[in-house]
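To start, the structure under review is shown below, and the notes come after it.
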């Protein structure tokens with residue numbers, strides 16, 4: 001179960017507002033970004049939450065990968081996004097592809113600052 005789990009919290013994103021509120025647009029782009037990074041999408045689910053008194057609803061976008069998953073959650077009222085990229089490295093090391101995908105995700109949202117973490121998963125034992 002060896003793998004790499006990357007997370008990023010993106011703050012004060014300067015992207016177009018639609019990237020934070022339009023599940024279809026964001027989802028389609030996520031699938032293309034996954035494929036461009038060399039990972040394989042096997043299923044997806046994109047959901048826009050209803051508006052609240054604080055503003056438009058955010059989006060959850062999840063792409064299931066043959067290698068594991070990528071998931072984004074947006075908070076348009078805060079211009080914030082969380083990104084989670086996890087790849088298992090069974091059968092090959094997908095770490096570079098995961099890092100490439102994360103960089104693409106961050107670039108899309110144009111945050112003023114990010115908090116990123118990287119976690120090696122599993123102990124490498126069969």
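In the working numbering, the protein residues as written are 1 to 126.
C-beta: ideal position from N, C-alpha, C; glycine also.
Keep in mind it's a predicted model, so treat the numbers as computed, not measured.
Query	Result
Range of the contiguous alpha helix (DSSP H) that encloses residue 35	23-36
Per-residue DSSP class, three states only, for residue 121	strand
Residue of 51, 68, 55, 72 minimising C-alpha distance to residue 28	72
With 16 other Cβ atoms within 10 Å as the buried cut-off, status of residue 43	exposed
Secondary structure of residue 46, DSSP reduced to three states	strand
Coarse secondary structure for residue 41, derived from DSSP in three states	strand
Exposed unless 16 or more other CB atoms sit within 10 angstroms - verdict on residue 115	exposed
Closest residue to residue 111 among 5, 57, 9 (Cα-Cα distance)	9
Close Cβ partners of residue 62 (< 6 Å) along its chain, the five nearest in sequence each way excluded	45, 71
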